[in-house]
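K.L.:
Got a structure for you, written out below as structure tokens; questions coming shortly.
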Amino acid sequence: MVAYSNLSNSVESEVIAEHLIVPETVLTPLTPAKLTKQEIRTSLKASTYDGIFAAIFSSITSGVLLSNLLLQLGATPVQIGMLSSVPMVVNLLQPVGAYLSGFVTSRYWYGFFVYGIARSLWLILAIAIAFSHLSKNNNYNLVQLTLLIVFASNLLAAFGTASWFSWMAHLVPEKLRGRYFGIRNSAANLVTLIGVPLISLIISKWPGGMLQGYSFLLFLGVIAGIISLCCQFFITDVNPKAELITIDRSLEAKEQQSLITSLRSLVSDNFFRFLLYFGFWAFAVNVGNPFFNLYLLDNLHINVTWVTVYNSLSAGANLLMLVFWGKLADKIGNRPLLILVGILVGLMPLLWLGTCYSPICLWVGFPFLHLLSGGVWAAIDLSSNNIQMSVAPKRNQATYFAIASAVAGICGAFGATVGGFLAEQPILGGLPGLFAITSGLRLLALLPLLLVWEQGSHSIKGILQGWRMQSKVVS
1 MVAYSNLSNS
11 VESEVIAEHL
21 IVPETVLTPL
31 TPAKLTKQEI
41 RTSLKASTYD
51 GIFAAIFSSI
61 TSGVLLSNLL
71 LQLGATPVQI
81 GMLSSVPMVV
91 NLLQPVGAYL
101 SGFVTSRYWY
111 GFFVYGIARS
121 LWLILAIAIA
131 FSHLSKNNNY
141 NLVQLTLLIV
151 FASNLLAAFG
161 TASWFSWMAH
171 LVPEKLRGRY
181 FGIRNSAANL
191 VTLIGVPLIS
201 LIISKWPGGM
211 LQGYSFLLFL
221 GVIAGIISLC
231 CQFFITDVNP
241 KAELITIDRS
251 LEAKEQQSLI
261 TSLRSLVSDN
271 FFRFLLYFGF
281 WAFAVNVGNP
291 FFNLYLLDNL
301 HINVTWVTVY
311 NSLSAGANLL
321 MLVFWGKLAD
331 KIGNRPLLIL
341 VGILVGLMPL
351 LWLGTCYSPI
361 CLWVGFPFLH
371 LLSGGVWAAI
381 DLSSNNIQMS
391 VAPKRNQATY
401 FAIASAVAGI
411 CGAFGATVGG
421 FLAEQPILGG
431 LPGLFAITSG
441 LRLLALLPLL
451 LVWEQGSHSI
461 KGILQGWRMQ
471 SKVVS
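Numbering of the sequence shown is given in full-length UniProt numbering, commencing with residue 1 and proceeding in unit increments.
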């Protein structure tokens, strides 16, 4: 997709937690109880339904529908811009959520409590909009209330993301992660692809007006969000504390792990190299990604209907390619896929430099760019999540997930800010110059990934040699 979703997607972005150990207690990993095939099968099916209903909730409470609501209420561009920055900023609190979830005995009930409150908050906005006609000049208050609920809901969701991701890492077999999450994300994206235009049509045709229509559908969205949490009841629960056991205090001096020693170990291993890549990549991508639609609308003065169609093509390509990339990731590994596809993603902004307002670009160029973008971003989003499960140490794994998400969030927000500043510098050539800069930064961001080790992944050299041999056989 043109937008870099993965770093912060409310359906696919759920990630992190586990407690950091106090100095007086030494904990070591326990061998977790092995799940039966039936338990795994039931859990994965329930998780897929969870993703579908969560996608319905997310479609109504984010993206173009929420932006359109604020526009109808007369929000300023700065207020609308806050919608995209809030999810990235609250990612900084995911390590706190990882820490808190370490004190519970159930991943399910912790998530139900956190996400249940986060999603129920939207009922306040639904009720406020429903009765907004009773008072005059209420639009300003509704804008403030909407932004407040967006912030509070995303804040609470950040506390649960880490725990959910750690839960999935425990349940989904490593050899099936690419294939399974490809199918799960495809199902969720299909709902979004069909649901958003349908919901937009319902809102626009609502007898009582667009605001009243959004209020009603927001109420239904909250119900879908709660149903998604109920689906998690059929997922085999995990007790975070059952994975650790207290050992004799005589080993305390040797193996004691406090918050400080945990952080020291973080910066000295393979995961730290992954963090360098993850943070730099988030920065490099967000330097340019928020401005592609602006380039179409403002620089080239293309009608918004065309832009909507292009984004739909991107979403469709993303949907169709997810399962393919998932199977390929299971076969060759996430790391080589991120490198090979990442090179293409790095070069793609340069293709925008030759575009203009012309029939060939409108009918061929831009559709091709968006189809290509949607297809390759499916690989990046999927493998970026799955590789975290592979490179994060098993001990306090959720904490590592939280740190990765926090790093990506702050780097992504900083990248978008820097991109906005650079786009206003005439000496750089405006948005085309910005696209060239983000292209170079993306390619540089791949360098730390070359130093990351992922268990079971193939080498880039071996993959290229294998493809070369296959091409010779075919020819």
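Glycine included, every Cβ here is placed at the ideal spot set by N, Cα and C.
Give me, in chain order, the residues of the same chain whose beta-carbon lies closer than 8 Å to that of Ser43; leave out the 5 immediate sequence neighbours on both sides.
P.N.:
Here residue 43 corresponds to residue number 43 of the sequence shown, with the count starting at 1. Correct list, in chain order: Leu35, Leu171, Phe234, Ile235 and Thr236.
K.L.:
Take Arg249 and list the residues in its own chain whose beta-carbon comes closer than 6 Å to its own, dropping the five residues that flank it on each side.
P.N.:
Stepping through the sequence shown from its first residue, residue 249 is reached at position 249. With a pLDDT of 42 at Arg249, under the threshold of 50, the modelled position of this residue cannot be trusted; read the value that follows with caution. No residues qualify anywhere along the chain.
K.L.:
Determine the burial state of residue 477: buried for a count of at least 16 other Cβ atoms within 10 Å of its Cβ, exposed for fewer.
P.N.:
In the structure as shown, the chain starts at 1 and stops at 475, and residue 477 therefore has no counterpart that could be examined.
K.L.:
What's the gap between the Cα of residue 486 and the Cα of Gln79?
P.N.:
A query on residue 486 cannot be resolved here, the shown segment of the chain reaching from 1 to 475 and no further.
K.L.:
So which of Ile56, Pro197, Ile332 and Leu66 has the shortest CA-CA distance to Gly466?
P.N.:
Here residue 466 refers to the residue found at position 466 when the sequence shown is read from its first residue. With distances taken between Cα atoms, Gly466 lies closest to Ile332.
K.L.:
Would you decide whether Leu444 is buried or exposed? Buried here means 16 or more other CB atoms lie within 10 Å of its CB.
P.N.:
Position 444 of the sequence shown, counted from the first residue, corresponds to residue 444. It counts as exposed.
K.L.:
May I have the straight-line CA-CA distance separating Leu347 from Ser439, to the nearest angstrom?
P.N.:
Looking up residue 347 in the sequence shown gives position 347. Looking up residue 439 in the sequence shown gives position 439. C-alpha separation (whole angstroms): 6 Å.
K.L.:
Answer with buried or exposed for Trp325, where buried requires no fewer than 16 other C-beta atoms within 10 angstroms of its C-beta.
P.N.:
Taking the first residue of the sequence shown as 1, we reach residue 325 at position 325. Burial call: buried.
K.L.:
Hey, how far is the Cα of Gly429 from the Cα of Leu371?
P.N.:
Here residue 429 refers to the residue found at position 429 when the sequence shown is read from its first residue. Here residue 371 refers to the residue found at position 371 when the sequence shown is read from its first residue. So the alpha carbons of these two residues sit roughly 26 Å apart.
K.L.:
Is it true that the CB of Ala188 sits closer than 7 Å to the CB of Ile40?
P.N.:
Position 40 of the sequence shown, counted from the first residue, corresponds to residue 40. Position 188 of the sequence shown, counted from the first residue, corresponds to residue 188. No, these two residues do not count as a Cβ contact at 7 Å.
K.L.:
Between the Cα of Pro173 and the Cα atoms of Cys411, Ser390, Pro426 and Val307, which residue gives the shortest distance?
P.N.:
Taking the first residue of the sequence shown as position 1, residue 173 is located at position 173. Ranking the options by Cα distance to Pro173, first place goes to Ser390.
K.L.:
What's the C-alpha gap between Gly409 and Tyr357?
P.N.:
Residue numbering aside, residue 409 sits at position 409 when the sequence shown is read from its first letter. Residue numbering aside, residue 357 sits at position 357 when the sequence shown is read from its first letter. Answer to the nearest angstrom: the Cα atoms are 34 Å apart.
K.L.:
Once DSSP output is grouped into helix, strand and coil, what is the label at Trp467?
P.N.:
Residue numbering aside, residue 467 sits at position 467 when the sequence shown is read from its first letter. When DSSP states are grouped into helix, strand and coil, Trp467 belongs to the helix group.
K.L.:
Between Ile124, Leu446, Met88 and Leu73, which lies nearest to Leu218 when the distance is taken from Cα to Cα?
P.N.:
In the sequence shown, residue 218 corresponds to position 218, counting from 1. Here the closest residue by C-alpha is Ile124.
K.L.:
May I ask which residues mark the beginning and end of the alpha helix (DSSP H) holding Leu347?
P.N.:
Stepping through the sequence shown from its first residue, residue 347 is reached at position 347. Looking at the DSSP string, the run of the alpha helix (DSSP H) that includes Leu347 is Asn334 to Leu351.
K.L.:
Could you say if the segment 126 to 135 and the segment 184 to 200 meet the contact criterion of at least three C-beta pairs nearer than 8 Å?
P.N.:
no
K.L.:
Could you give the first and the last residue of the continuous alpha helix (DSSP H) run that contains Trp206?
P.N.:
Within the sequence shown, numbered from 1, the residue matching residue 206 stands at position 206. First-last for Trp206: undefined, no H or E at that position.
K.L.:
By the three-class DSSP mapping on this structure, what secondary structure does Asn270 have?
P.N.:
Here residue 270 refers to the residue found at position 270 when the sequence shown is read from its first residue. Helix at Asn270.
K.L.:
In chain order, which alpha helix (DSSP H) runs of at least 4 residues are fully inside the segment 387 to 448?
P.N.:
397 to 423 and 430 to 445
K.L.:
Enumerate, from N- to C-terminal direction, the unbroken alpha helix (DSSP H) stretches of 4 or more residues contained entirely within the segment 61 to 94.
P.N.:
63 to 72 and 77 to 90
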